[in-house]
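Numbering (this note's numbering), first residue to last: 16 to 251.
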């Protein structure tokens, strides 16, 4: 029996100002999936993420979302800008802000939301940093904090855009281990855009390769046997 579907693209085309970047895309993301999205710069990876997040309506086709996802039950870890890295707030404040979409009309965070923030900081090993200023942390620590923030918003799906950008190899490996734990032990579906294909293939179950003229979507084994995957193996 297949796991419940969280997001699905049905013959979707996406783009800007009448110009298509992606066309006729079919994609299904289910509970517990680990999907890595790869491809050349400018191929449409970030455009697809905007569509999945509901920030960009499709030009044609349909993006279907489960009731959980329509209620905003997903976490998003974007690429950080320099201004965001220098954000003058405590770690606790940054993580707790992940609960904003659950506040509704309430002015204050609830005890349950505060407890969830502390729990997620503990889960990701940054609880002892909760009173420190976010901008004083290392790149790896900041990514852990942002991941804890994303977990406050999500229990089903995490979407990440180039999460290891700017991290040293040890911090990047640490982040991959955290994502693998969340996926395998807690059943969190992961959708990640990455350039680090070799590391991604060690964790991913499914690969979406977006090319200039065509897309491939399949298991890691199917990808490595495909023309796109064979090119990767030749340059490895």
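Note that the Cβ used here is the ideal one computed from N, Cα and C, for glycine as well.
How would you write the range of the beta strand (DSSP E) that residue i sits in, first residue to last?
{"i": "residue 23", "result": "20-31"}
{"i": "residue 91", "result": "89-92"}
{"i": "residue 152", "result": "Segment: none, residue 152 is in no beta strand (DSSP E) and carries neither H nor E."}
{"i": "residue 252", "result": "What the structure shows of the chain is the stretch from 16 to 251, and residue 252 is not part of that stretch, so it cannot be assessed."}
Would residue i pass as a contact of residue j if the rule is Cβ separation under 8 angstroms?
{"i": "residue 46", "j": "residue 204", "result": "yes"}
{"i": "residue 37", "j": "residue 62", "result": "yes"}
{"i": "residue 307", "j": "residue 154", "result": "Residue coverage of the chain in this structure runs from 16 to 251, which leaves residue 307 outside it and unanswerable."}
{"i": "residue 29", "j": "residue 94", "result": "no"}
{"i": "residue 108", "j": "residue 27", "result": "no"}
{"i": "residue 159", "j": "residue 103", "result": "no"}
{"i": "residue 179", "j": "residue 172", "result": "no"}
{"i": "residue 193", "j": "residue 218", "result": "no"}
{"i": "residue 215", "j": "residue 51", "result": "yes"}
Taking the alpha helix (DSSP H) that residue i belongs to, which residues open and close that run?
{"i": "residue 107", "result": "106-111"}
{"i": "residue 146", "result": "No alpha helix (DSSP H) holds residue 146; DSSP gives it neither H nor E."}
{"i": "residue 182", "result": "Where residue 182 is concerned, there is no enclosing alpha helix (DSSP H), given that its DSSP letter is neither H nor E."}
{"i": "residue 126", "result": "126-138"}
{"i": "residue 237", "result": "235-240"}
Between the C-alpha atoms of residue i and residue j, what's the straight-line distance to the nearest angstrom?
{"i": "residue 135", "j": "residue 165", "result": "9 angstroms"}
{"i": "residue 87", "j": "residue 115", "result": "11 angstroms"}
{"i": "residue 208", "j": "residue 24", "result": "17 angstroms"}
{"i": "residue 228", "j": "residue 59", "result": "11 angstroms"}
{"i": "residue 137", "j": "residue 89", "result": "20 angstroms"}
{"i": "residue 221", "j": "residue 49", "result": "6 angstroms"}
{"i": "residue 64", "j": "residue 200", "result": "25 angstroms"}
{"i": "residue 101", "j": "residue 241", "result": "42 angstroms"}
{"i": "residue 235", "j": "residue 126", "result": "42 angstroms"}
{"i": "residue 106", "j": "residue 245", "result": "43 angstroms"}
{"i": "residue 92", "j": "residue 206", "result": "10 angstroms"}
{"i": "residue 211", "j": "residue 16", "result": "32 angstroms"}
{"i": "residue 120", "j": "residue 128", "result": "The predicted position of residue 120 is uncertain, since its pLDDT is 49 and thus under 50; no value can be drawn from it."}
{"i": "residue 152", "j": "residue 145", "result": "11 angstroms"}
{"i": "residue 123", "j": "residue 175", "result": "28 angstroms"}
{"i": "residue 243", "j": "residue 148", "result": "44 angstroms"}
{"i": "residue 83", "j": "residue 66", "result": "17 angstroms"}
{"i": "residue 70", "j": "residue 177", "result": "18 angstroms"}
{"i": "residue 35", "j": "residue 230", "result": "14 angstroms"}
{"i": "residue 19", "j": "residue 68", "result": "18 angstroms"}
{"i": "residue 233", "j": "residue 197", "result": "22 angstroms"}
{"i": "residue 163", "j": "residue 99", "result": "16 angstroms"}
{"i": "residue 185", "j": "residue 157", "result": "14 angstroms"}
{"i": "residue 224", "j": "residue 85", "result": "26 angstroms"}
{"i": "residue 239", "j": "residue 213", "result": "11 angstroms"}
{"i": "residue 80", "j": "residue 161", "result": "24 angstroms"}
Given the structure, does residue i come close to the ligand MG, in the sense that its CB is under 7 angstroms from one of the ligand's heavy atoms?
{"i": "residue 70", "result": "As for the ligand MG, it is missing from this structure, which has no ligand bound."}
Inset, instruction - Return the chain-ordered ranges of every beta strand (DSSP E) run that is complete within the stretch 204-233 and spans a minimum of 3 residues. - result: Counting only runs of at least 3 residues, the stretch 204-233 fully encloses the following beta strand (DSSP E) elements, listed from N- to C-terminal order: 204-208, 221-225.
Inset, instruction - Tell me the start and end of each unbroken beta strand (DSSP E) in the stretch 35-90 that is at least 3 residues and wholly inside, in chain order. - result: 49-54, 75-80
Legend entry - Cβ contact check for the stretch 50-61 and the stretch 139-146: 3 or more pairs under 8 angstroms: no
Inset, instruction - Answer yes if the stretch 105-114 comes into contact with the stretch 163-177, meaning at least three C-beta pairs across the two stretches below 8 angstroms, and no otherwise. - result: yes
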